[in-house]
Every structure is written in C-alpha cells, then in structure tokens.
Amino acid sequence: MALYLIGLGLGSLDYTSLKAIREIMKCHIAYLDTYTGLISEELVDWLRKKLDGRLKLACRRDLEDNLEKIVEEARNIDVAILVPGDPLIATTHMSLLVEASRRRTPYKIVHGISIYSAAVSITGLHVYKFGKTTTLPLIGDPAETYMIIKENQERGLHTMILLDTADGGLTIPNALRRLLEAEDRLNQGILGEDTLAIGLSRVGLEDQYIKVGMVKELISVNYPPPPHALIFPGELHFMEVEALSKMYNISEEVVRRHKPARYEKERIRRYIVKTREVMENLKMMKPCKKVDKILEIASSYLEDAERFWSSGELFNALGAITYAEGLLDSLRMMSLIDFQWP
C-alpha cells in the first residue's frame, strides 16, 4: 500500500504518460487536484469512466485540510493524488510527502510534463538563463511579481510568470495592465509598453497560442481562454534571438534591440571606471613605498571587481570595488595621497 503523487502533464489525455495511467489504474482511490492547473474535460471524463466511483474531485481545502487523513488512508490502500503538470513543480504537494515520511507511509512519484519545461522549450529560450519563477495572483498587489522581474533583469535572466488559474483565470492582457500599473507606482524603469515580452496561452493543447512582441501588442491580442503565462526575457543569446524571430514572426532587429534594465550593473561599472581612472592618475605621482603597497592592494581589489563584473557576479563586484574605494579614501583622509573622484 502506498501514496502515489501522479503528474498528468499539460492537462490533456494525450500528455498523460503510460506510466501515469498504469499507476492510476491500480489505485483504490484517486483524488483529482482541480486547482493547480488546467485539466481538460476529455481527461476528466476519461478518468471518471476508467475509475468509476474511485475518482474524487478535490479542491485545495479538500487536500490541505485532510492531509493527515489521506496519508493515513494510504497505509491501508493505494491512494493517488492526480496533479496537472508535475506533482511537485509549482504546487504545495511536498507537504504530503513530508507527512508520509513522518508517518512512514510508502510513497511513489510519477512525474509529468510541466508548463515550466514546456514554456521554456517551445520559446527557444535557454533554460539555464531563467531566474526565479513567480505566480501573479488574480487579485492582490502585483508588487512582489514586479520586483522579481527587476531582480532577474538585474542579473540578465529571463522571468517566467505563471498566471493564476482560479475563478476562470488571469489573462495575459489583464496581467500586463496590472504590471504596468505597478511600474507607474514603483517607478523602477523595469517595463513599459515597448518592453519585449512573450505571452503563452494553453500550452500543449490544440488551441495553443504564443505571441512574441511589445507589451502594447500583447495587450491587444484576443487569446484563447486560460491558463496563460508570461515570459520577460533577460539578455538574449544570438541563438535565442534567432529562435524568437524566426519561429514567432517578429523582426530580428526588434528582438536584438531588447536590453533588460540592469541599473545595478551599470552603477557598479561606473564605480569601477572612476576607480580605474584615479588609480591610473596616482601611478604618475610616484607615492612612497608604504603608500605604494596599499595602492597595490587597492589595485588587486579593483581587478577583482572588474573580473566579477564581467562574469555577472555583481554582489562580489560591488564588495571588491567598495574595498578599493575605501583604501583610496583612507589614504586621502590621512593626506598621504591627493585626488578627486571623477
């Protein structure tokens, strides 16, 4: 007897794996998660027919409030939790496994195709260039989502935003309007009507639709019903540029012009340039040996900052350039050198 967490893939019967079907059929009871993502009526009807009275539709409260009961049930019979996508990606179902482990209830996981992997692969973007993924809720303040876009763009990374599927789901146009409102309020210069974005609707289903373009273009599109998702690209590799332009009929020049807002990187670059200029000027002044030794240390920190900056390690770059500037300012305050910051 065991607890089975079974991924149903992208919500249609076609994307439900043979492994998932085999494990579903041998379970005594199956709880169908109806809130994590889309499940097609075709798949629900098929499950009802195959499982007869063993299928139970479960909302979030049904699963979360009865967690202990379900895990205890799995000690005596085979119990399945059927989840759209992958059962452990962008879900809360890890709590079931933790409880099963605590009670020493055996469990098995059957993985499914997730919107996370499908959206990445179908756009041609490189998976290792994605930063933190977030969900934009149907209601509430979008500031957290906005700041995650900012954080990822500072690092040159892509941002995937999963749009809430509750109560009919959040659409791409409404999500973009809310993010533009957040930009007006927070004023970080992260996105605007001319920002490049990717709108994804019903990925993996027959009426799948994907649009690549400016925010103002994506807002005006009439998409099929949710589930929807958004991607805000970070810095693009030339192969990503080619994939987006050729696969989604958008001008390559428009895609190439896209530059994520990387204000922190530019600010640190200015610090490095100014410090390098001061160091070059001090070399011509021929300071005493004691001062020269400290300048060598400052120069090492400067070189570290340049190396960190080039590799995208902005936190380390800022730390290194701060040390270099601190040493120079200390020498100036002791009247051992004289200079002005550019």
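In this note's numbering, the protein residues as written are 1495 to 1836. The beta carbon of each residue, even a glycine, is placed where N, CA and C say it ideally should be.
- Going by beta carbons, I1575 and Y1525 fall inside the 7 Å limit.
- Ranked by Cα distance from I1515, the first of V1697, Y1765, K1544, M1828 is K1544.
- By the C-beta density criterion, S1506 is buried, having at least 16 other C-beta atoms within 10 angstroms.
- Between I1666 and Y1610 the beta-carbon gap is near 17 Å, outside 8 Å, which marks them as no contact.
- Counting the other Cβ atoms within 10 Å of the Cβ of W1835 gives fewer than 16, which makes it exposed.
- Pairwise C-beta distances place the segment 1691 to 1711 in contact with the segment 1719 to 1733, as three or more of them are shorter than 8 Å.
- With contacts defined as CB atoms closer than 7 Å, E1800 and I1766 qualify as a contacting pair.
- Distance between Q1682 and E1567, taken at the CA atoms: about 51 Å.
- A direct Cα-to-Cα measurement between K1783 and R1763 gives close to 30 Å.
- Judged by DSSP secondary structure, T1769 falls within the alpha helix (DSSP H) whose first and last residues are 1757 to 1777.
- Annotation: the segment 1676 to 1763 contains the following complete segments of the beta strand (DSSP E) (minimum length 3 residues), in chain order: 1690 to 1695, 1703 to 1708, 1722 to 1726.
- Between P1631 and R1672, the C-beta spacing is not below 7 Å.
- Under the 8 Å Cβ criterion, the segment 1640 to 1649 does not count as touching the segment 1529 to 1545, having fewer than three qualifying pairs.
- V1621 is classed as exposed because its beta carbon has fewer than 16 other beta carbons within 10 Å across all chains shown.
- Per the coordinates, the alpha-carbon of T1627 lies some 27 Å from the alpha-carbon of L1537.
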